[in-house]
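*Asks:*
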Amino acid sequence: MITQMHVKGLMFDPYNNAYIVVLRDEEQSDMLPIWVGKSEAGAISISLENVTPPRPMTHDFMKSFLDAYNAKVISVVITDLAEHTYFSKIHLMYEDSEYTVDARPSDAIALALRSNAPVFANNSVITKQSSEELEQWLENLKPEDFGKLDS
Amino acid sequence: MSAVDLSKEQDLVEYRVDRILEEANTDTRIVVLARKDGVLDTFPIWVGAAEGNAIKLALDTMITPRPMSHDLIKSFAEHLNITIQRVVIADVKSSTYYAIVHIANKGVERTIDARPSDAISLALRAPCPIYITQDVLNRRSTTNLDAWLAKLESKDIGAPEVQET
């Protein structure tokens, strides 16, 4: 079973000096925080804020690469969580065939946002996550931590 | 060389990535390209830290536990049978270099506009040759070179081998 998730925003995690991409489901009942590096967060935030950079950023280039031969990103699925690392798959449609490509969630999400493709998460990942450190994180979260990226 | 009888291919000079220089207190890296044929000429390109690191990983043939962004692009190419043919640093405007990535699939060629950092990062992974057009080589500004030298000297990295074409 998979659940569609929406990219709600980015937060800075000062304890790990990293960023957290916050995914939530439609009902806002489940949340999936994904820790990413600074440049990965930048690639996602630029897309969330609808900023058009003067030169194509890496994921814009990635999209052009797929567009060149009409390959389409159908969806992105966060498939697994193992030892604090999330795994994801990008599903492509190209000439009536579907291809599944392994990717880091940060790349997958940055590309999905640029391709208007839906992001899903395996329910097992959502469950797993909720049993990990998430609870203590949520306790410490303040609304202002979300900054202007929270929509 | 006379410009008149140069074919399109002869207008391209092949370079390789020689090294990546770090600028300690900035978020900047310098990608130093050197001529593939051994003629003494280096071509510096300033890139961001993340972009420089992506190139360094490929230059050092580091295998990361998870695919980095340009590994993913290469993976797309492999899945879709797209050949990454070459990258060309083809233009310079206001001190910004413009690259073109040439790809092919079933005999159909396409070109993609890219930042040189993405183009080089992908070229090292493909792998495919990196070219600079003679036009860009002719037009590279000496102010760039001067700035580069000044920075290098200030950090006492040692005398770089730089000569103009």
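Chain order of the listed sequences is A and U.
Here this note's numbering is used: the first residue of the first sequence is 1, the next is one more, and so on.
Here this note's numbering is used: the first residue of the second sequence is 152, the next is one more, and so on.
Here a beta-carbon is modelled for each residue, glycine too, at the ideal position from N, C-alpha and C.
The structure displayed is predicted, hence computed values, not measured ones.
List, in chain order, every chain U residue whose beta-carbon is nearer than 8 Å to that of V36/A.
*Replies:* Under the 8 Å cutoff, chain U gives no residues; its nearest Cβ is about 11 Å from V36/A.
*Asks:* So which of L172/U, L231/U, I206/U has the shortest CA-CA distance to R276/U?
*Replies:* I206/U
*Asks:* Put A265/U into one of helix, strand or coil per three-state DSSP.
*Replies:* Residue state, collapsed to three classes: strand.
*Asks:* Is the number of C-beta pairs between the stretch 223-236 of chain U and the stretch 208-215 of chain U that are closer than 8 Å three or more?
*Replies:* no
*Asks:* Hey, is D286/U's beta-carbon within less than 8 Å of any beta-carbon in chain A?
*Replies:* At a cut-off of 8 Å between C-beta atoms, D286/U does not count as an interface residue with respect to chain A.
*Asks:* Using the beta-carbon of each residue, which ones in chain A are nearer than 9 Å to N256/U?
*Replies:* A68, Y69
*Asks:* Give me the Cβ distance between V182/U and V164/U, rounded to the nearest whole Å; I'm assuming they're in contact under 8 Å.
*Replies:* 16 Å between Cβ atoms; not a contact.
*Asks:* When DSSP builds the beta bridges, which residues end up paired with M5/A?
*Replies:* D25/A, V119/A
*Asks:* Which residues in the same chain as V51/A place their Cβ atom closer than 7 Å to its Cβ, once the five residues preceding and following it in sequence are excluded?
*Replies:* none
*Asks:* Figure out for me which residue from P105/A, E98/A, H91/A, Y94/A has the closest Cα to the Cα of T85/A.
*Replies:* Closest option to T85/A, Cα to Cα, is P105/A.
*Asks:* Check whether the Cβ of M62/A lies closer than 8 Å to any Cβ atom in chain U.
*Replies:* yes
*Asks:* Can you tell me where the beta strand (DSSP E) with M31/A in it begins and where it stops?
*Replies:* 31-36
*Asks:* Would you tell me roughly how many angstroms separate the C-alpha atoms of D67/A and D286/U, rounded to the nearest one?
*Replies:* 29 Å
*Asks:* The alpha helix (DSSP H) spanning A277/U covers which residue range?
*Replies:* Where A277/U is concerned, there is no enclosing alpha helix (DSSP H), given that its DSSP letter is neither H nor E.
*Asks:* Evaluate D178/U with the Cβ neighbour count: other Cβ atoms within 10 Å of its Cβ, from every protein chain shown; 16 or more gives buried, anything less gives exposed.
*Replies:* exposed
*Asks:* Return the CA-CA distance between H91/A and I78/A, expressed in angstroms with no decimal places.
*Replies:* 11 Å
*Asks:* Would you say the beta carbon of V73/A comes nearer than 7 Å to a heavy atom of the ligand ATP?
*Replies:* For the structure depicted, the ligand ATP is absent and the ligand set is empty, with no information on it obtainable.
*Asks:* Following the continuous beta strand (DSSP E) through G203/U, name the residue where it begins and the one where it ends.
*Replies:* Segment 200-210 is the alpha helix (DSSP H) holding G203/U; no beta strand (DSSP E) there.
*Asks:* Whole angstroms are fine: how far does the CA of H221/U sit from the CA of N256/U?
*Replies:* 19 Å
*Asks:* Comparing alpha-carbon positions, which option in P216/U, P267/U, K225/U lies nearest R55/A?
*Replies:* Sorting P216/U, P267/U, K225/U by C-alpha distance to the C-alpha of R55/A places P267/U at the top.
*Asks:* For I214/U, which residues from the same chain have a beta carbon less than 8 Å from its beta carbon, with the 5 sequence-adjacent residues on both sides left out?
*Replies:* For I214/U, where only same-chain residues beyond five positions count, there are no Cβ hits under 8 Å.
*Asks:* Just to make sure I have the definition right: I need the residues of chain A whose C-beta is within less than 8 Å of the C-beta of I263/U. Which are they?
*Replies:* F61, S64, F65, A68
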